[in-house]
Amino acid sequence: LPTAMIDERLRIAKSGGAALSILGADPNGLAGIDPARREPVLRAAAEAQREVRELTMSDFYPWCVISIPNPVWAKAVFPDLPEKEALDRLVDAVAHACRLDTDDPTAAWNTHSAELMKLAAWLTREAFDRFRYEGPGTDLVVGMPANQHWIGTEGTSSQGIKFIANIPTDEVFCAPDRRRVDGTVRSTRPLIQSGTNLGIVEFDVREGRIVEARAEHEQDMLNQALDLDENARYFGEIALVAEDAPIAELGITFFDGLYDENAGCHFAFGNAYANCVEGGAALSEEQRSAAGLNTSRQHSDVTVGSSHLTITAFRADGSSFPLMREGRWTSELSHAVGRE
Numbered sequence: 099l100p101t102a103m104i105d106e107r108l109r110i111a112k113s114g115g116a117a118l119s120i121l122g123a124d125p126n127g128l129a130g131i132d133p134a135r136r137e138p139v140l141r142a143a144a145e146a147q148r149e150v151r152e153l154t155m156s157d158f159y160p161w162c163v164i165s166i167p168n169p170v171w172a173k174a175v176f177p178d179l180p181e182k183e184a185l186d187r188l189v190d191a192v193a194h195a196c197r198l199d200t201d202d203p204t205a206a207w208n209t210h211s212a213e214l215m216k217l218a219a220w221l222t223r224e225a226f227d228r229f230r231y232e233g234p235g236t237d238l239v240v241g242m243p244a245n246q247h248w249i250g251t252e253g254t255s256s257q258g259i260k261f262i263a264n265i266p267t268d269e270v271f272c273a274p275d276r277r278r279v280d281g282t283v284r285s286t287r288p289l290i291q292s293g294t295n296l297g298i299v300e301f302d303v304r305e306g307r308i309v310e311a312r313a314e315h316e317q318d319m320l321n322q323a324l325d326l327d328e329n330a331r332y333f334g335e336i337a338l339v340a341e342d343a344p345i346a347e348l349g350i351t352f353f354d355g356l357y358d359e360n361a362g363c364h365f366a367f368g369n370a371y372a373n374c375v376e377g378g379a380a381l382s383e384e385q386r387s388a389a390g391l392n393t394s395r396q397h398s399d400v401t402v403g404s405s406h407l408t409i410t411a412f413r414a415d416g417s418s419f420p421l422m423r424e425g426r427w428t429s430e431l432s433h434a435v436g437r438e
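In terms of the numbering used here, the sequence shown opens at residue 99 and continues consecutively.
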C-alpha cells in the first residue's frame, strides 16, 4: 500500500474510526513472478504496515474484512464454466456462506453469533492444557497458554464498540503457546500466499517451530513466508470450525483465505491476536512473548479441517475430553455447552 494510504488508515483508527477491507483479488495474480523480485516487496509491505497490524490484531478499533465476487475470482473457483455462469455460481456460494439466502439473514446471524460466543466462553472457562489433532497426514499436539481467552464472532474495540471482524465467520479461535506445538500437520485446502497458489502444504513442528515445510507448488514462496522474520515459523492462531459450517457444506474450494479458513479448522503461522490471553492488548511485545503469544509480521491461515479430523482436548491433570470427531462437534461437547 502507498504510505499515504497507511497513514490515513492510522489517522482514522486513532481518531475513533473503523475500517472495512473489501477483498476479491485474483488468487493466481502473482503466479510465475520471480521469487527474488517478490521477497523485498513482501518484506517492505509487512514492515510498513506494522502499526496498522498491531492496532488491528489488538482490536483497538472496529474492523471488518469481506470478499466481493468478481469474474476473475469466479473463474478460479469454477474454471470449466463460462464467465457469467461462473460469476453467478460464486455469487450464490457467497450468499450461502454469509447466510444471506435464509428467510431472515439478520436473525440467522444473531443466532449463529450467540452460539459461537457461548462456545468460546465455555472453552475459556475450561482452559484446556492442550489439544491433539489426528487425521490424514496430521498428528499434532498443541499446548495452550495460561489465561487463554477464546474469541467467537464478536470483538470489542478499545472504545467499547462490538463488531464482527470477518464476514463470513464460523470459527472460535485462540492462540497456542508458541513453544508447545509438536508433530506434523497437513493442510486440507490450498494455501494462497500473496496471489500465489501453493497447493497443499505440510509442516513438521518441533517445540513450536516449523522445522520442515513442504508445498505442492511454489516451494520458494512458502519458504519466503516462513522466513519473513524470526518468529514467522511459529503458530499464532488455533481456530475451530465444524464441518457442517455453510462453506464446508458447499464442497468447493474458494481459493480465498477468508472463505477457505471458515470451511474447517485452521492454524495461522505468524502473529497472534493480542486478546487471546486475558488483558493481552495491554501487554508489551516482551510480555506477550513471555505469556506464549507469538509476535511476527506474518499471519497466514492454513486450513486443516476435514471430515476425517479428530480433536481431543486434555486438561492439565491428564484427563481428556472428546471435542471433535469426523470434523464435527461431539455430542459430549454439545451437552456441556448447551448447544442447540
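Beta carbons: idealized from backbone N, C-alpha and C, even for Gly.
The C-beta of N321 has fewer than 16 other C-beta atoms within 10 Å across all chains shown, which makes the residue exposed. In this model, A134 and K260 are separated by some 42 Å (Cα to Cα).
For N245, the CB contacts under 6 Å within the same chain, skipping 5 residues up- and downstream, are V375 and E376 in chain order.
In the pairwise beta carbon analysis, the stretch 306–324 is classified as not touching the stretch 377–388: fewer than three pairs are separated by under 8 Å. For the options Y332, W248 and T267, the alpha carbon positioned closest to that of V279 is the one of Y332. Within its own chain, the residues whose Cβ lies closer than 8 Å to the Cβ of T251, once the five positions on either side in sequence are excluded, are H210, S211, L214, M215, I262 and T267, listed in chain order. The beta carbon of G281 lies closer than 7 Å to those of D237, L238, V239 and V303 in the same chain, with the five residues before and after it left out.
Taking the CA atoms as reference points, Y159 sits about 27 Å from G293.
As DSSP reads the structure, A411 sits in a beta bridge with F229 and F419. N295 places its beta carbon less than 9 Å from that of N126.
The C-beta distance from D327 to S394 rounds to 6 Å, short enough to meet the 8 Å contact threshold. Around the Cβ of R107, a 10 Å sphere holds 16 or more other Cβ atoms; the residue is buried. Between A330 and F301 a beta carbon distance of about 12 Å is seen, past the 8 Å cut, so the two are scored as non-contacting. Secondary structure at E106: helix, using DSSP grouped into helix, strand and coil. DSSP places V283 within a strand segment (E or B) once states are collapsed to three.
In this structure, G334 lies near N392, with their beta-carbon atoms less than 9 Å apart. Between the beta-carbon of A191 and that of T200 there is about 15 Å, and that puts the pair past the 8 Å contact cut. In terms of Cβ geometry, E359 and T408 do not form a close pair [threshold 9 Å]. Apart from the 5 residues on each side of it in sequence, A340 sits with its Cβ closer than 6 Å to the Cβ of R426 and W427 in its chain, given in chain order. Non-local C-beta neighbours of A129 in its own chain, meaning closer than 6 Å and more than five positions away in sequence, comprise T294, ordered along the chain. Cβ contact annotation for C272 (same chain, cutoff 6 Å, sequence separation greater than five): Q246, W248, I336 and C374, in chain order. For S398, the enclosing beta strand (DSSP E) covers residues H397 to T401.
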